[in-house]
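Participant:
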Amino acid sequence: MNTLLLEEAMITFALIAYLIARDQRRGVAVLLSWLVPGLGHMRLGHRSRGLFLFAIVAALFLAGLVMCDFRAVAPFAAHGEATGRHDVWALAQFFNGLFFAVTAAVTHGSYKVKDMPFYATGCLYTAVAGLLNVLVMLDAWDISAPLPATDLAPVNAAAPAAPKEGASS
Amino acid sequence: MKPAVTLLENILLFLPVNYAVCLVCSTLRRKDMQTAFRQGTRLFIGMTIAVIAGCAALYFVMEFILAR
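So the protein sequences, as listed, match chains L and H.
Numbering follows the numbering used here, in which position 162 of the first sequence is assigned residue number 406; successive positions increment by one, without gaps.
Numbering follows the numbering used here, in which position 39 of the second sequence is assigned residue number 417; successive positions increment by one, without gaps.
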């Protein structure tokens, strides 16, 4: 049983719950970004940014799966069953959220077979996609931050009158 | 014994990961997506050259040390 993954999941969900309690709008954006990369950004109104980030992370994850013949995600495989792979990959793949969960459920029981030259590279692609999604989650929290007070112009300040052209001094 | 993955294949497989990382990192804290894309591409080209040059230099240094 991959106990490290379960501990990581508990810590991640506890952190996200804390963020939601602190600021619901921003915390929900972080949760949505974990579930689907870029969804938090789209929820906040940054549609092109969300689509761009989704395309990159999803393409990397899918490329990794294809290289491994869809055998890269096996978070609860015992060492004896999945020869030549290490459970640590799942710690990074976990941050792909829904992609990780659906792939793990659908491909449960199918593990690495012999003569897969790109297996390690495929696992690396899926793990890097997960770690990039951590940056996406942090970005979702960051871009939704309210502006500091010093950046806001005073609401009732009268604009200075522009000098007239050709006015004599 | 023939290696499972050749050096050229390794380099080619490294490039998409590098590009994805550069694009995501250049998007952070940038509002304009076009600028982020351009900066990310520039960062990818620079990093690829730096990594390949660095690894080649390390290879020759190690070869020199081992030959002595």
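Don't be surprised by glycine CBs; every beta carbon is placed ideally from N, CA and C.
All of these numbers come straight from a predicted model, not from anything done at the bench.
#1: Which first and last residues belong to the alpha helix (DSSP H) in which H/Tyr437 is found?
#2: So the candidates are H/Glu441, H/Arg408 and H/Ala414; which of them puts its Cα closest to the Cα of L/Ile387?
#3: Quick check on the burial criterion: 16 or more other C-beta atoms within 10 angstroms. Buried or exposed for L/Ser277?
#4: Looking at the secondary structure, which residues open and close the alpha helix (DSSP H) in which L/Ala299 lies?
#5: Using the beta-carbon count (16 or more within 10 Å), is H/Arg420 buried or exposed?
#6: Tell me whether the segment 360-374 of chain L and the segment 306-313 of chain L touch, counting them as touching only if at least three CB pairs, one residue from each stretch, are closer than 8 angstroms.
#7: Quick one: list the residues of chain H neighbouring L/Val332, beta-carbon separation under 9 angstroms, in chain order.
#8: What would DSSP say about L/Leu263, mapped onto helix, strand or coil?
#9: Assign H/Cys400 to buried or exposed, taking buried as 16 or more other Cβ atoms, counted over all protein chains shown, within 10 Å of its Cβ.
#10: Return helix, strand or coil for L/Ala411, following the three-state DSSP convention.
Facilitator: Considering the structure as presented:
#1: Counting along the chain, the unbroken alpha helix (DSSP H) around H/Tyr437 starts and ends at Met411 to Ala445.
#2: Among H/Glu441, H/Arg408 and H/Ala414, the Cα nearest to that of L/Ile387 is on H/Arg408.
#3: When all chains shown are included, L/Ser277 counts as buried.
#4: It spans Arg291 to Met311 - the alpha helix (DSSP H) in which L/Ala299 sits, taken as one unbroken run.
#5: Taking every protein chain shown into account, the CB of H/Arg420 has fewer than 16 other CB atoms within 10 angstroms, so this residue is exposed.
#6: Between the segment 360-374 of chain L and the segment 306-313 of chain L there are three or more C-beta pairs closer than 8 angstroms, enough to call the two in contact.
#7: Going along chain H, no residue has its Cβ under 9 angstroms from L/Val332, so there is no contact; the nearest lies around 18 angstroms.
#8: If DSSP states are grouped into helix, strand and coil, L/Leu263 belongs with the helices.
#9: It counts as buried.
#10: Residue placement at L/Ala411 cannot be trusted, given a pLDDT of 49 that sits under 50; what the coordinates show is reported in the next sentence. The answer is coil: DSSP assigns L/Ala411 none of H, G, I, E or B.
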